[in-house]
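Line order of the protein sequences matches chains V and U. Just so we're aligned: 42 in our numbering is position 32 of the first sequence, and the numbers increase by one with no gaps anywhere. Just so we're aligned: 366 in our numbering is position 364 of the second sequence, and the numbers increase by one with no gaps anywhere. Take a look at the structure below.
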Amino acid sequence: MAKLESAKTLRELGKSLKEKNAALSQKDNPSSTIQVKVTMATCGIASGSRPVYDYMEQELSKRNISARVSKVGCMGFCYAEPTIEITMPGNKPVMFGFVDIKKADEIIERYIRKGEVIEGVIPINYETA
Amino acid sequence: MAKQIRIALRNCGVIDPEKIEDYIARDGYMALATVLTELTPEAVIEIMKKSGLRGRGGGGFPAGLKWEITRKVNADQKYVVCNADEGDPGAFMDRSILEGDPHSVLEAMTINGYCTGASKGLVYIRAEYPLAIERLKTAMKQSREMGLLGENILGTGFNFDIEIRYGAGAFVCGEETALIHSMEGLRGEPTVKPPFPSVEGYLKKPTNVNNVETFANVPVIINKGWEWFSSIGTEKSKGTKVFALAGKVNNVGLVEVPMGTTLREVIFEIGGGIQHGREFKAAQTGGPSGGCLTKKHLDTPIDYDNLIAAGSMMGSGGLIVMDEDDCMVAIAKFYLGFTVEESCGKCSPCRIGNKRLYELLEKITQGNGTMDDIDKLRNLSTVIKDTSLCGLGQSSPNPVLSTIENFIEEYHEHVKDKKCRSRVCKSMMQYLVVDEKCIGCTLCARNCPVNAISGERKQVHFIDQVKCIKCGACLEKCKFNAIIIN
Numbered sequence: 011m012a013k014l015e016s017a018k019t020l021r022e023l024g025k026s027l028k029e030k031n032a033a034l035s036q037k038d039n040p041s042s043t044i045q046v047k048v049t050m051a052t053c054g055i056a057s058g059s060r061p062v063y064d065y066m067e068q069e070l071s072k073r074n075i076s077a078r079v080s081k082v083g084c085m086g087f088c089y090a091e092p093t094i095e096i097t098m099p100g101n102k103p104v105m106f107g108f109v110d111i112k113k114a115d116e117i118i119e120r121y122i123r124k125g126e127v128i129e130g131v132i133p134i135n136y137e138t139a
Numbered sequence: 003m004a005k006q007i008r009i010a011l012r013n014c015g016v017i018d019p020e021k022i023e024d025y026i027a028r029d030g031y032m033a034l035a036t037v038l039t040e041l042t043p044e045a046v047i048e049i050m051k052k053s054g055l056r057g058r059g060g061g062g063f064p065a066g067l068k069w070e071i072t073r074k075v076n077a078d079q080k081y082v083v084c085n086a087d088e089g090d091p092g093a094f095m096d097r098s099i100l101e102g103d104p105h106s107v108l109e110a111m112t113i114n115g116y117c118t119g120a121s122k123g124l125v126y127i128r129a130e131y132p133l134a135i136e137r138l139k140t141a142m143k144q145s146r147e148m149g150l151l152g153e154n155i156l157g158t159g160f161n162f163d164i165e166i167r168y169g170a171g172a173f174v175c176g177e178e179t180a181l182i183h184s185m186e187g188l189r190g191e192p193t194v195k196p197p198f199p200s201v202e203g204y205l206k207k208p209t210n211v212n213n214v215e216t217f218a219n220v221p222v223i224i225n226k227g228w229e230w231f232s233s234i235g236t237e238k239s240k241g242t243k244v245f246a247l248a249g250k251v252n253n254v255g256l257v258e259v260p261m262g263t264t265l266r267e268v269i270f271e272i273g274g275g276i277q278h279g280r281e282f283k284a285a286q287t288g289g290p291s292g293g294c295l296t297k298k299h300l301d302t303p304i305d306y307d308n309l310i311a312a313g314s315m316m317g318s319g320g321l322i323v324m325d326e327d328d329c330m331v332a333i334a335k336f337y338l339g340f341t342v343e344e345s346c347g348k349c350s351p352c353r354i355g356n357k358r359l360y361e362l363l364e365k366i367t368q369g370n371g372t373m374d375d376i377d378k379l380r381n382l383s384t385v386i387k388d389t390s391l392c393g394l395g396q397s398s399p400n401p402v403l404s405t406i407e408n409f410i411e412e413y414h415e416h417v418k419d420k421k422c423r424s425r426v427c428k429s430m431m432q433y434l435v436v437d438e439k440c441i442g443c444t445l446c447a448r449n450c451p452v453n454a455i456s457g458e459r460k461q462v463h464f465i466d467q468v469k470c471i472k473c474g475a476c477l478e479k480c481k482f483n484a485i486i487i488n
């Protein structure tokens, strides 16, 4: 990215990035997409999140589902690692725990494609500043 | 309302730590922009002081005051140091922040440099955290490219750059003077304070040392205001604290709760209670430097001062939950074993005293203790606390003192009855064959690794107590419940 010459350019960049990110999860926005976040801190990787990340990235594109898959830090649910968070446009984020390849397949086919309620949801129990 | 409020962890699990755009989209570097273009260093320090933010590394020293002291010292060069030498067993708060949100630490260090008059920052991080180091390096590269770190930050003429220094994993190097010596290439040993690092630190220059979590709070305080921050928490402990909730609790994890939350809320509501429906016995806070909190402390609001009053301390935020299967004497011994290994050996109370404490505890757990030994433990602990050079020795007897204070009956049982109610101290246990139940199937004898069990087929078997190593293999194998522990 280009060098920011002033505080003003930083603020403008922040504003436009924020709008862009907000658009991702808006239901009727043309640039909206499914967001998949995979926990990739030491703890998540140790319990097997790397293959899950690779699988999500490859399979979603193979199955023609447009999505943005990203690596994130620790979500705090060590007991349920690997965890992934899915945000469908217009919906609240849903977190899944104990995700392996089999579960990932189920999430793609049943939750993402058909919108079914499936097992393995971890309640998000915090507010973020 | 949710019990948890994530301030220090606000971006962990939300942003991609390897993408600076993700951080900027969540108000990243906005605090730095405000500070550099709208506020004087004094005004920022005033905000920090009013926010009530205290050091999250353990001591709880007011952060704003530390910044002010560093600012007021006249020197041609000053340094900002981020203490990322997290070493408590079972604690991983700082690692998670660095792996999930490295930019927040870089931003806060830069703000600190502006306030204290330092142009150089150093992150002291354990080499055992390779992923955190990698992400920190990526973050530094990105922020340099965007003019948020380095020379002429955001065109304001302010210069500040950060380097990484690696720790070799010595626990004592989390103590700030030892940390500084380690960065200087010297032995990681503490020195007497004063002079405090804020006055004379790295290369004898004023050095502001703050912990990762402390730094991670700073940008939010600037963005949302000190009034908002100080509205969270208790009278003397503001904001939130991240705890690494571990041990025998159902939902092991990283939790961030407002100061003043009770242990009961953390363990039973957020943590989902004790595993396998067992009984809660104690929670160790502050790692090897802390103490045990018991049932009677379950409803005490957790903050710096209440924990000290309860004979423990905040420490860096490790919170290890124990149930009825844990022997408190063995726990004290475990933590002391850690301190004995990690003592740098510079001062005798810590080097020799802790070793003697350990030997006394070993004697008691082996069933050879006397009542005198318990008194000796108490006295020696007090001497070590009073006379050790640094925080490591001054706090190392805490697990001993707090277990004696809260679980004296267990010590008495070990000494008088030669009994360990949790069946942890093996030398006090005896595996015995119940004559009426043994049918002489020989299964136990065949599985005993040390051939301590004798007996003919279809005859009652016998365990030789001298040979027995108390591995429990016989108990596990016996299909007739004919083996018991005495």
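Don't be surprised by glycine CBs; every beta carbon is placed ideally from N, CA and C.
Once you ignore the five residues that flank Ser59/V on each side, which residues in its own chain have a CB closer than 6 Å to its CB? As a position in the first sequence, residue 59/V is number 49, starting the count at 1. The residues are Val48, Thr49, Met50, Pro92.
Nearest residue (CA-CA) to Ile132/V, options Gln68/V, Ser41/V, Gln45/V, Pro103/V: The sequence position of residue 132/V within the first sequence is 122, counting from 1. Distances from the alpha-carbon of Ile132/V to those of Gln68/V, Ser41/V, Gln45/V, Pro103/V put Pro103/V closest.
When DSSP labels each residue in this structure, what does Asp419/U get in the three-state scheme? The residue given as residue 419/U occupies position 417 in the second sequence. In the displayed model, Asp419/U falls within a helix according to three-state DSSP.
State the Cα-Cα distance for the pair Leu295/U and Ile22/U, rounded to the nearest angstrom. One-based indexing of the second sequence puts residue 295/U at position 293. One-based indexing of the second sequence puts residue 22/U at position 20. Roughly 41 Å between the two C-alpha positions.
Enumerated in chain order, which unbroken segments of the beta strand (DSSP E) with a length of 3 residues or greater are wholly contained in the region 247 to 306 of chain U? Qualifying beta strand (DSSP E) stretches, in chain order: 255 to 260, 282 to 287, 294 to 296.
Could you spell out where the beta strand (DSSP E) holding Cys84/U opens and where it closes? Locating residue 84/U in the second sequence gives position 82, counting from the first residue. Cys84/U -> beta strand (DSSP E) spans 81 to 86.
Is the Cβ of Ser87/V closer than 7 Å to any Cβ of chain U? For the purposes of this step, residue 87/V is taken as the residue at position 77 of the first sequence. One point to set straight first is that residue 87/V is Phe, not Ser, in the sequence displayed. For Phe87/V, the answer is yes, since a Cβ of chain U falls inside 7 Å of its Cβ.
Could you pull the start and end residues of the alpha helix (DSSP H) that Asn408/U belongs to? Along the second sequence, one-based indexing puts residue 408/U at 406. 400 to 408 is the span of the alpha helix (DSSP H), which, as asked, contains Asn408/U.
Around the Cβ of Ala4/U, are there at least 16 other Cβ atoms within 10 angstroms (buried) or fewer (exposed)? One-based indexing of the second sequence puts residue 4/U at position 2. It is exposed - the Cβ of Ala4/U has fewer than 16 other Cβ atoms within 10 Å.
Just the chain V side, please: which residues come within less than 9 Å of Gln286/U by C-beta, in chain order? Locating residue 286/U in the second sequence gives position 284, counting from the first residue. What Gln286/U touches in chain V: nothing, since even the nearest Cβ is about 17 Å away.
Inter-residue spacing [alpha-carbon to alpha-carbon] between Ser429/U and Lys472/U: Sequence index remark: in the second sequence, residue 429/U carries index 427 (1-based). Sequence index remark: in the second sequence, residue 472/U carries index 470 (1-based). Answer to the nearest angstrom: the Cα atoms are 8 Å apart.
Between Arg280/U, Gly457/U, His414/U, which lies nearest to Asn370/U when the distance is taken from Cα to Cα? In the second sequence, counting from the first residue as 1, residue 370/U sits at position 368. The residue with the shortest Cα to Cα distance from Asn370/U is His414/U.
Rounded C-beta distance between Gly66/U and Lys51/U? I'm assuming under 8 Å. For the purposes of this step, residue 66/U is identified with residue 64 of the second sequence, where counting begins at 1. For the purposes of this step, residue 51/U is identified with residue 49 of the second sequence, where counting begins at 1. The pair is a contact, with the Cβ atoms about 3 Å apart (cut-off 8 Å).
Less than 7 Å between the beta carbons of Asp29/U and Asn225/U, yes or no? Here residue 29/U refers to the residue found at position 27 of the second sequence. Here residue 225/U refers to the residue found at position 223 of the second sequence. Remark: C-beta atoms of Asp29/U and Asn225/U approach each other more closely than 7 Å.
What in chain U is Cβ-close to Gly83/V, meaning under 7 Å? Walking along the first sequence from the start, residue 83/V turns up at place 73. Taking a Cβ-Cβ cut-off of 7 Å, the neighbours of Gly83/V in chain U comprise Cys14, Gly15, Pro19, Ser98, Glu101, Gly102, Asp103, given in sequence order.
Under 8 Å between beta-carbons, which chain V residues line up against Lys226/U? List them in chain order, please. Taking the second sequence and counting its residues from 1, the one referred to as residue 226/U is at position 224. Residues of chain V whose Cβ lies closer than 8 Å to the Cβ of Lys226/U are, in chain order, Ala139.
Could you name the residues that DSSP lists as bridge partners for Phe162/U? Taking the second sequence and counting its residues from 1, one reaches residue 162/U at position 160. DSSP lists Gly152/U as partners of Phe162/U.
If the criterion is Cβ atoms closer than 7 Å, does the pair Ile7/U and Pro260/U meet it? As a working mapping, residue 7/U is identified with position 5 in the second sequence. As a working mapping, residue 260/U is identified with position 258 in the second sequence. A contact, by the Cβ cut-off of 7 Å.
Quick check on the burial criterion: 16 or more other C-beta atoms within 10 angstroms. Buried or exposed for Ser26/V? Within the first sequence, numbered from 1, the residue matching residue 26/V stands at position 16. Around the CB of Ser26/V, fewer than 16 other CB atoms lie within 10 Å, so the residue is classed as exposed.
Relative to chain V, which residues along the region 39 to 57 of chain U have a C-beta separation below 9 Å, given in chain order? Residues of the region 39 to 57 of chain U whose Cβ lies closer than 9 Å to any Cβ of chain V, in chain order: Thr39, Glu40.
Can you tell me whether Thr36/U is helix, strand or coil according to DSSP? Taking the first residue of the second sequence as 1, we reach residue 36/U at position 34. Correct three-state label for Thr36/U: helix.
Would you list the one or two residues that DSSP bridges to Ser80/V? Position 70 of the first sequence, counting from 1, holds the residue named residue 80/V. DSSP links Ser80/V through a beta bridge to Lys47/V.
Other residues of its chain near Asp437/U: CB distance less than 6 Å, five sequence neighbours each side excluded: What you label residue 437/U is simply residue 435 of the second sequence in a count that begins at 1. Correct list, in chain order: Val462.
Apart from the five residues on each side of it in sequence, which residues of its chain come closer than 6 Å, Cβ to Cβ, to Leu70/V? Indexing the first sequence from 1 puts residue 70/V at position 60. Contacts found: Ala77.
Val435/U: first and last residue of the uninterrupted beta strand (DSSP E) it sits in: Looking up residue 435/U in the second sequence gives position 433. It spans 433 to 435 - the beta strand (DSSP E) in which Val435/U sits, taken as one unbroken run.
By DSSP, does Lys240/U sit in helix, in strand, or in coil? Within the second sequence, numbered from 1, the residue matching residue 240/U stands at position 238. Of the three classes helix, strand and coil, the one that applies to Lys240/U here is strand, per DSSP.
Span of the alpha helix (DSSP H) holding Tyr136/V? Within the first sequence, numbered from 1, the residue matching residue 136/V stands at position 126. Run containing Tyr136/V: none in the alpha helix (DSSP H); it sits in the beta strand (DSSP E), 136 to 138.
Residues that Pro64/U bridges to, as DSSP identifies them: Taking the first residue of the second sequence as 1, we reach residue 64/U at position 62. DSSP, once it has assigned bridges, lists Arg56/U as partnering Pro64/U.
In this structure, what does DSSP give as the bridge partners for Lys105/V? For the purposes of this step, residue 105/V is identified with residue 95 of the first sequence, where counting begins at 1. It is Met, not Lys, that sits at residue 105/V in the sequence shown. Note: Met105/V is bridge-paired with Glu95/V, Ile132/V in the DSSP secondary-structure output.
May I ask you to list the residues that DSSP assigns as paired with Tyr500/U? For chain U, the structure presents residues 3 to 488; residue 500/U sits outside this window and is missing.
Per DSSP, which one or two residues make a beta bridge with Gly235/U? Taking the first residue of the second sequence as 1, we reach residue 235/U at position 233. DSSP lists Lys240/U as the beta-bridge partner residues of Gly235/U.
Determine the closest residue to Gly60/U out of Ile310/U, Ile333/U, Lys469/U, with distance taken between C-alpha atoms. In the second sequence, counting from the first residue as 1, residue 60/U sits at position 58. The option with the nearest alpha carbon to Gly60/U is Ile310/U.
Please list the residues of the region 18 to 42 of chain V that have a C-beta atom closer than 7 Å to any C-beta atom in chain U, keeping them in chain order. Across the region 18 to 42 of chain V, CB contacts with chain U closer than 7 Å involve Leu20, Arg21, Leu23, Gly24, Leu27, Lys28, Asn31, in sequence order along the chain.
Shorter than 7 Å from the beta carbon of Lys112/V to some beta carbon of chain U? Along the first sequence, one-based indexing puts residue 112/V at 102. For Lys112/V, the answer is no, since every Cβ of chain U falls outside 7 Å of its Cβ.
Only counting runs of 4 or more residues, tell me where the alpha helix (DSSP H) segments fall wholly within the region 185 to 221 of chain U, in order along the chain. For the region 185 to 221 of chain U, not a single whole alpha helix (DSSP H) run of length 4 or above is found.
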